[in-house]
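Residue numbers (the working numbering), protein chains in the order written: chain R, 5 to 200; chain C, 5 to 200. Glycine included, each C-beta is placed from N, C-alpha and C at the ideal position. It should be emphasised that the depicted structure is a prediction, and the values quoted were computed from it without experimental measurement.
Number of protein chains: 2
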Amino acid sequence: MLPESLLQQIAFIKEIDKLKYIQRKTRLLNSDRHENDAEHSWHLAMMAIVLAEHANEPIDILKVVKMVLIHDIVEIDAGDTFIYDTQKSHSNADEERLAANRIFGLLPEEQARELIAIWEEFEAGETSEAKFARTMDRLEPLLQNTSNNGGTWNEFGVDYSKVYAKKSIMKEGSATIWNYAEKLINESVEKGILKK
Amino acid sequence: MLPESLLQQIAFIKEIDKLKYIQRKTRLLNSDRHENDAEHSWHLAMMAIVLAEHANEPIDILKVVKMVLIHDIVEIDAGDTFIYDTQKSHSNADEERLAANRIFGLLPEEQARELIAIWEEFEAGETSEAKFARTMDRLEPLLQNTSNNGGTWNEFGVDYSKVYAKKSIMKEGSATIWNYAEKLINESVEKGILKK
């Protein structure tokens, strides 16, 4: 009686509940409580919706929102990769692809294919939507670390040049938001919460 | 140099971080850990995206996603209202309206007006988008309670007739999803995790 597609979708919806347990290195604003991937994904979606006007190029905002909502789902299997961890970021792309196939693969075939394609588009970072989504993904931890006395920069000894290198891709998504981010980074050096 | 709109949007983005601290009564699937509003909102957005095909009427999915992402933001000021708490649900509509004006009011005027209108549309529950969004909001705790041996139903002594009354509005958003929900409710009675 119930359509098979609905049962597959419910299985997917139950499975992704696990994203709420994946802890990130960063902490909530003015807080020592770690953020989890589900909260992070919600926040990026809200950011994309309110900041869309600052994108360099016209963007399909629904696609950007889908991208940021799903971008970390692979971490249910593959775990969180810290952006300044050079070892892991080179070694777990295969693991993430397997995770995408397993988890999105719970959905009806056409839907699985669509979401895997959106996730891959985000990972490749080449379209205007992916560039803007990645700008959101870089901005949130910047707001967190500047509110937390340097946050993960201090905790893991990350200096200005590393932060600048990782963050400067933000300009590909939004020159305006990058101007703001660059100002925050420079102010962090002046305040002594980011080492030069 | 930086546009005023961007600074207003950043203030809003920082403020809504507080949604991550608002605890719901329900708990994660197969878990005793309470869910917070940010995780809940993320999950509803994912549900809306994958279940859209089952809506009774054509829906603007971007609007539904915006609705569920923002629907609980007022709880930053007004607190979580438990669905089976008849006292509070009658008394805090004014408080929620004040909260909407304060929090969305941090945004540039036009954007504030748009998001307040979407929140009010959700609250009124009359459009096809609002009906579908509310179906998502009713479905998630049903999945949680059935996975948690009755969850909040047992914890707060809520019986079949109350659950049925609250959940049956799901059929306004999706007859198909309501069929599934009704089956879950009836099975819960059979299993003895929901009292008749």
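Worksheet item: Where DSSP assigns a beta bridge to His-38 of chain C, which residues make up the other side?
Response: C:Arg-31
Discussion item. Between Met-174 of chain C and chain R, is the shortest Cβ-Cβ distance under 9 Å, so that the two count as touching?
Written reply: no
Discussion item. Can you give me the C-alpha to C-alpha distance between Asn-153 of chain C and Asp-36 of chain C, rounded to a whole angstrom?
Written reply: 11 Å
Fill in: Cβ pair Val-193 of chain C, Lys-187 of chain C closer than 9 Å
no
Item to complete: List the endpoints of the continuous alpha helix (DSSP H) containing Phe-160 of chain C.
Response: Looking at the DSSP string, Phe-160 of chain C is not in any alpha helix (DSSP H), and its letter there is neither H nor E.
Fill in: Secondary structure, alpha helix (DSSP H): runs of 4+ residues fully inside the region 144 to 198 of chain R
155 to 159, 164 to 171, 174 to 177, 179 to 195
Item to complete: In angstroms with no decimal places, state the Cα-to-Cα distance between Ile-65 of chain R and Phe-126 of chain R.
Response: 13 Å
Fill in: Interface residues of chain C facing Trp-157 of chain R [CB-CB closer than 9 Å]
Here the premise fails: no neighbours, minimum Cβ distance about 18 Å.
Worksheet item: If you count every other CB in all the chains shown that lies within 10 Å of the CB of Asn-40 of chain C, and 16 or more means buried, which is it?
Response: buried
Fill in: Range of the contiguous alpha helix (DSSP H) that encloses Glu-99 of chain R
97 to 108
Practice prompt. Can you say whether Lys-67 of chain R is buried or exposed, counting buried as having 16 or more other CB atoms within 10 angstroms of its CB?
Written response: buried
Fill in: Interface positions of the region 138 to 153 of chain C facing chain R (Cβ-Cβ less than 9 Å), listed along the chain
Leu-143, Glu-144, Leu-147, Gln-148, Ser-151
Practice prompt. Give the straight-line distance between the Cα atoms of Val-69 of chain C and Ala-49 of chain C, rounded to the nearest whole angstrom.
Written response: 5 Å
Worksheet item: Do Trp-182 of chain C and Thr-150 of chain C have their CB atoms nearer than 9 Å?
Response: no
Discussion item. If distances are taken between C-alpha atoms only, which option among C:Leu-102, C:Ile-53, C:Phe-108, C:Gly-161 comes closest to Gly-196 of chain C?
Written reply: C:Gly-161
Item to complete: Buried or exposed for Ala-169 of chain R, please, with buried defined as at least 16 other CB atoms from any protein chain shown within 10 angstroms of its CB.
Response: exposed
Worksheet item: Does the separation of the CB atoms of Asp-21 of chain C and Leu-33 of chain R fall below 9 Å?
Response: yes
Discussion item. Suppose you measure from the CA of Leu-23 of chain C to the CA of Glu-79 of chain C; what does that come to, to the nearest Å?
Written reply: 7 Å
Worksheet item: Since Ile-65 of chain R is in the alpha helix (DSSP H), which residue starts that stretch and which ends it?
Response: 65 to 74
Worksheet item: Does the beta carbon of Glu-43 of chain R sit closer than 9 Å to a beta carbon anywhere in chain C?
Response: yes
Practice prompt. Return the first residue and the last residue of the alpha helix (DSSP H) that Ile-80 of chain R is part of.
Written response: 79 to 82
Discussion item. For Ala-82 of chain C, which residues in the same chain have their Cβ closer than 6 Å to its Cβ, ignoring the five residues on either side in sequence?
Written reply: Asn-96, Glu-99, Glu-100, Ala-103
Worksheet item: Taking Cβ-Cβ distances below 9 Å as the criterion, which residues of the region 46 to 67 of chain C are in contact with chain R?
Response: Trp-46, His-47, Ala-49, Met-50, Met-51, Ile-53, Val-54, Leu-55, Glu-57, His-58, Ile-65, Leu-66
Practice prompt. Determine the closest residue to Ala-56 of chain C out of C:Thr-180, C:Asn-190, C:His-44, C:Ser-45, with distance taken between C-alpha atoms.
Written response: C:Thr-180
Discussion item. Applying the 10 Å Cβ sphere with the 16-neighbour rule, what's the burial state of His-38 of chain R?
Written reply: exposed
Worksheet item: Which bits of chain R does Asn-183 of chain C rub up against, with CB to CB less than 8 Å?
Response: Met-5, Leu-6
Worksheet item: Pick from R:Phe-86, R:Ile-63, R:Ile-53, R:Met-5: whose alpha carbon is nearest that of Ile-167 of chain R?
Response: One detail in the question is off: residue 167 of chain R reads as Val in this sequence, not Ile. Nearest C-alpha to Val-167 of chain R: R:Phe-86.
Item to complete: Check each residue of the region 110 to 122 of chain R: if its Cβ is closer than 7 Å to any Cβ of chain C, include it; give the result in chain order.
Response: Leu-111, Gln-115
Fill in: For Ala-59 of chain R, the three-state DSSP class (helix, strand or coil)
coil
Worksheet item: chain R beta carbons: is any one of them nearer than 9 Å to that of Leu-10 of chain C?
Response: yes
Worksheet entry | Reduced DSSP category for Lys-200 of chain C - H, G, I as helix; E, B as strand; rest coil | coil
Worksheet item: Is the shortest distance between the beta-carbon of Lys-135 of chain C and the beta-carbons of chain R less than 9 Å?
Response: no
Discussion item. Beta carbons nearer than 7 Å to chain C: which residues of the region 18 to 31 of chain R have them?
Written reply: Lys-18, Ile-20, Asp-21, Lys-24
Discussion item. Taking its Cβ as the centre, do 16 or more other Cβ atoms sit within 10 Å of Leu-6 of chain R, making it buried, or is it exposed?
Written reply: exposed
Practice prompt. May I ask you to report which of helix, strand or coil DSSP gives Asp-89 of chain C?
Written response: coil
Item to complete: Could you tell me which chain R residues have their CB closer than 7 Å to the CB of Thr-131 of chain C, listed as they occur along the chain?
Response: Those do not exist, as Thr-131 of chain C stays about 18 Å from chain R at its closest Cβ, beyond 7 Å.
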